[in-house]
Amino acid sequence: MIKILLLLTITIIAGCTSSHKSPTEQVANFYHFYLNTPDTFDSSASLQPYLEKQTFDQLQKIAKEPEPDTLDADYFTQSQDIGSSWPTHIAVSTPTPAIGGTTVEVTLGAANDIQQHLILWLVWQDGWKITRVQGDNEQFLYR
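Mind the numbering: the sequence shown is residues -21 to -1, 1 to 122 in mature numbering (1 follows the signal peptide of the UniProt record, and there is no 0), read in order.
Listed below in structure tokens is the structure:
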């Protein structure tokens, strides 16, 4: 009886343990997938597990426009082209708490190659989801 009770307790505790990835893991997994999967684009349904719902819906809406001039660069890389070393060199910083979620900094590319630096905002939506991508040279009046 004690063995059964102990086994039941362990099973319940294991079920309560979160299997969700950290923001760093989620972003690293996203970019590994995104940069290594041919023909993945901003509004692809395969991106839905990584994106906050409103962000995904907005990208879907933009993609359906007859001439989607809203995005003149890839949203997730903030560039028109992908550096040759980006798919294999993805560095993600430790998360920084932000209002409503967290931010991480991402560097794509090897040190001796073209690099792209990005800032990503994530929110908790049954796991960490990307809600915004900003190039590090993008300027705003306010944040």
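C-beta: ideal position from N, C-alpha, C; glycine also. Remember, it's a predicted structure, so these values are computed and weren't measured experimentally.
- C-alpha of residue 16 to C-alpha of residue 69: approximately 15 Å in a straight line.
- Apart from sequence neighbours up to five positions away, the residues of its chain that approach residue 83 with a beta-carbon distance below 8 Å are 2, 3, 6, 71, 72, 73, 74, 75, 98, 99, 101, ordered along the chain.
- The C-beta distance from residue 34 to residue 25 rounds to 15 Å, too long to meet the 8 Å contact threshold.
- For residue 113, no alpha helix (DSSP H) encloses it; the enclosing beta strand (DSSP E) starts and ends at 107 to 114.
- According to the DSSP assignment, residue 101 belongs to the beta strand (DSSP E) that extends over 95 to 103.
- By the Cβ-count criterion, residue 78 is exposed, with fewer than 16 other Cβ atoms from all chains shown falling within 10 Å of its own Cβ.
- Taking C-alpha positions only, residue 8 is separated from residue 45 by approximately 31 Å.
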